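J.: Encoded as C-alpha cells, here's the structure I'll be asking about.
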Amino acid sequence: MGNKLIVLDTRATEMICCRLMMVLLLRIMVCSSARSIETSRSWVFGMKVKHIHLIVKCLIQMILVSVEKMASLGLKMELCSQGLKEEFGESMKLQEKEISNNQKYISGMEQDEEPSSSTVSGDEFTRHLKEANGLLKKAREDLMAQVDDEMTEILLCKSASLLSRALKMEPTSLQAVGQLGNTFLLHGELKLKKSRELRALLSRSDCSSTEKGSRVRPEILKYEGLSKDKVTSVLVDVCEECEELLIEAGRKYRMALSIDGNDVRALYNWGLALSFRGQLIADVGPEAALDADKVYLAAIDKFDAMVSKSNAYAPDALFKWGVALQLRSHLRPSSSNEKLKLLHQAKRLLEDALHMDPDNPQVRKALSSCITEINCQLL
C-alpha cells in the first residue's frame, strides 16, 4: 500500500466487513448454483441462472454506490474502494464464466432430452399408416359381407384422411401412396355396386314397392318410396362420386409407378380402377359404348404390362384381362362376329389363368360364364 494511510472509524470498518462478507457469500451462491443445476433440474427451470446474474449485478452496484457515498463524506477509503472494485470485478468475471458454462450445460441438456422433429414425424407417420391399414382391412371385410354401406364409407374416408396426412410427411412413401390408391379403389367399387342397385330400383315400374322374390339390401330399401326423379338424382351423385374415386385411385397408382417402375401391384390395381370405370360408363347405355370400350382397352394395357414385367401375379392379370375382354364383348351387337371373337379371346386367357391357379373359384366362375355366352352365340 506504500505510504498511504487508510483512516477508518469503527462504523465504516463494520460496513466494509459486511460488504466483503456479502461478496464472499454471493460468490458461494454462484458456485453452488452450478452444482444445483446438475443435481436439480427443477431448480434450473424454476430460477434461471441469468436471473441470479442480474441480482448479483444489482447488489454489487449498490455496494459500490454506498462506498462512494462514504468516501464523499470524508472517509478516506480510496484504496479500500479500489480494492473492493477489483474484488467485485474478479467476482463478476467468475460469475459470468460460470453462468456461460451453465447456460451451455442447460442448452445441451435440453437438446439431448427434446426428441427431434424427424423422430416425432416418423412415429406419427408409422401410426397413421398402421391405423389406416387396419381401417382399410375392416372396410374390405364389410364390403365382402355386405354390411351397412354407410359404416364402410366412414371407415374408408377415415383411412383416406390418415393416409393423406402420412403422404404429406413422406411424399415418396410407396406404401402410403399405394394404400391410398387402394382406399380410393375400394371406395369406388362400393359406389359402383350402389349405382347398379339404384339402376335396378329405377328399372322397376314403381320405386315404392319391391318385386316378389327380389333381394334388396337395407341400404337400397331406404330409397323405396321416393319418386323416380329423386332416385335418379341420387344415382347421378353416386356415379359422379364413383368416377372421381376411381380416377383418383388411378392417379395414386401412377404416382406409385413413378416411385418404383417395377411395382406390378400398382399396375394391376390401376387396371382394376380402369375396368371399374369402364363398367360404370357402360351401365349408362349403348350411347356410351365407345367411351367404355376405350377405358377397357386402357385397363387391358395395364394387365398386359403386368404380365410382361413379372410372372408373380400373372394368374390375376390374365384373369382380369379375360374379364375385360368379356366385358368388351357386351358392348357389341348380339350375334356379331366381333362379339364372338372377343369371347373366344377371353376364354383362352381365363383357361390360362385357371391352369396357373386351379383352385381359384372366381376364375372358374368367369370361365364358365364365358363358355355359356359362347354357346349362346353359336345357337
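The numbers in this note's numbering rise by one with no breaks, and the one at position 288 of the sequence shown is 274.
Each residue gets a CB set at the ideal place from its N, CA and C atoms; glycine is no exception.
If you're wondering where the values come from, they're calculated on a predicted model, not measured in any experiment.
Roughly how many whole angstroms lie between the Cα atoms of G167 and E210?
T.: To locate residue 167, count along the sequence shown from 1; it is residue 181. To locate residue 210, count along the sequence shown from 1; it is residue 224. Their Cα atoms are separated by approximately 33 Å.
J.: Short check: CB of Y299 to CB of R251, under 8 Å?
T.: Numbered from its first residue, the sequence shown carries residue 299 at position 313. Numbered from its first residue, the sequence shown carries residue 251 at position 265. For Y299 and R251, yes; Cβs fall inside 8 Å.
J.: How should Q165 be labelled, buried or exposed, when 16 other C-beta atoms within 10 angstroms of its C-beta is the threshold for buried?
T.: Working through the sequence shown from its first residue, we reach residue 165 at position 179. Residue environment analysis places Q165 among the buried positions, since at least 16 neighbouring C-beta atoms fall within 10 angstroms of its C-beta.
J.: Please confirm whether L142 and E117 have their CB atoms less than 8 Å apart.
T.: For this step, residue 142 is matched to residue 156 along the sequence shown. For this step, residue 117 is matched to residue 131 along the sequence shown. No, the Cβ-Cβ distance between L142 and E117 is not below 8 Å.
J.: Taking the alpha carbon of A162 as the point to measure from, which residue in Y254, E359 and K238 has its own alpha carbon closest?
T.: Taking the sequence shown and counting its residues from 1, one reaches residue 162 at position 176. Of the listed residues, the one whose Cα sits closest to A162 is K238.
J.: Tell me which residues share the same chain as D134 and place their Cβ nearer than 6 Å to its Cβ, disregarding the 5 neighbours each side in the sequence.
T.: Position 148 of the sequence shown, counted from the first residue, corresponds to residue 134. Cβ within range, chain order: n/a, list empty.
J.: Would you kindly report the start and end of the unbroken alpha helix (DSSP H) that includes Y239?
T.: As a first step, residue 239 is located in the sequence shown; it is residue number 253 there, counting from the start. Looking at the DSSP string, the run of the alpha helix (DSSP H) that includes Y239 is K214 to I245.
J.: Does chain D have any CB closer than 8 Å to the CB of K280?
T.: Considering every chain present, this structure includes no chain D. It has just one protein chain.
J.: Leaving out the 5 sequence neighbours to the left and right, which residues in its chain are closer than 7 Å to A303 when beta-carbon positions are compared?
T.: For the purposes of this step, residue 303 is taken as the residue at position 317 of the sequence shown. Excluding residues within five positions, the ones whose Cβ falls inside 7 Å are Y254, F289, M292 and V293.
J.: Candidates L172, P157 and L184: which alpha carbon is nearest L129's?
T.: Position 143 of the sequence shown holds residue 129. Cα-wise, what sits closest to L129 is L172.
J.: Note the first and the last residue of the continuous alpha helix (DSSP H) segment covering G308.
T.: Along the sequence shown, one-based indexing puts residue 308 at 322. Annotation for G308: the continuous alpha helix (DSSP H) segment containing it runs A300 to S315.
J.: I'd like the list of long-range same chain contacts for M342, defined as Cβ closer than 8 Å, with 5 residues on each side in sequence excluded.
T.: To locate residue 342, count along the sequence shown from 1; it is residue 356. Contacts found: A300, P301 and L304.
J.: R151 by DSSP, collapsed to three states: which one?
T.: Taking the first residue of the sequence shown as position 1, residue 151 is located at position 165. Helix.
J.: Which first and last residues belong to the alpha helix (DSSP H) in which Y209 is found?
T.: Here residue 209 refers to the residue found at position 223 when the sequence shown is read from its first residue. Element bounds for Y209: n/a, residue is neither H nor E.
J.: For A310, which residues from the same chain have a beta carbon less than 6 Å from its beta carbon, with the 5 sequence-adjacent residues on both sides left out?
T.: Here residue 310 is taken as the residue at index 324 of the sequence shown, counted from 1. The answer, listed in chain order, is S261, Y282, A285 and I286.
J.: How far does the alpha helix (DSSP H) with S320 in it extend, from its first residue to its last?
T.: Residue numbering aside, residue 320 sits at position 334 when the sequence shown is read from its first letter. Note, S320: premise wrong, no alpha helix (DSSP H); not H, not E.
J.: Roughly how many angstroms separate the alpha carbons of A278 and L313, rounded to a whole number?
T.: Translated into positions along the sequence shown, residue 278 becomes position 292. Translated into positions along the sequence shown, residue 313 becomes position 327. Roughly 10 Å separates the two Cα atoms.
J.: Comparing alpha-carbon positions, which option in L336, R318 and E156 lies nearest A275?
T.: Residue numbering aside, residue 275 sits at position 289 when the sequence shown is read from its first letter. The closest CA to that of A275, considering only L336, R318 and E156, is found on R318.
J.: With three or more beta-carbon pairs closer than 8 Å as the criterion, would you say the stretch 261 to 270 touches the stretch 222 to 229?
T.: yes
J.: When you compare each of E136, I357 and A235 to K208 by their alpha carbons, which one comes out closest?
T.: The residue given as residue 208 occupies position 222 in the sequence shown. Checking every option, the nearest Cα to that of K208 belongs to E136.
J.: Out of A235, I206 and L243, state which residue places its alpha-carbon closest to the alpha-carbon of E175.
T.: What you label residue 175 is simply residue 189 of the sequence shown in a count that begins at 1. Of the listed residues, the one whose Cα sits closest to E175 is A235.
J.: Can you tell me whether DSSP reads G361 as helix, strand or coil?
T.: Translated into positions along the sequence shown, residue 361 becomes position 375. In the sequence as displayed, the identity of residue 361 is Asn instead of Gly. In the structure shown, N361 sits in a helix (DSSP, three-state: H, G or I).
J.: For L335, which residues from the same chain have a beta carbon less than 6 Å from its beta carbon, with the 5 sequence-adjacent residues on both sides left out?
T.: Working through the sequence shown from its first residue, we reach residue 335 at position 349. These residues qualify, in order along the chain: L304, W307 and G308.
J.: Work out the CA separation of L221 and V270 for me, nearest whole Å.
T.: In the sequence shown, counting from the first residue as 1, residue 270 sits at position 284. In the sequence shown, counting from the first residue as 1, residue 221 sits at position 235. Taking the straight line joining both Cα atoms gives about 11 Å.
J.: Starting from the Cα of P157, find the closest Cα among S296, L340, S315 and A242 and give me that residue.
T.: As a first step, residue 157 must be located in the sequence shown, where it is residue number 171. Of the candidates S296, L340, S315 and A242, the one whose C-alpha sits nearest the C-alpha of P157 is A242.
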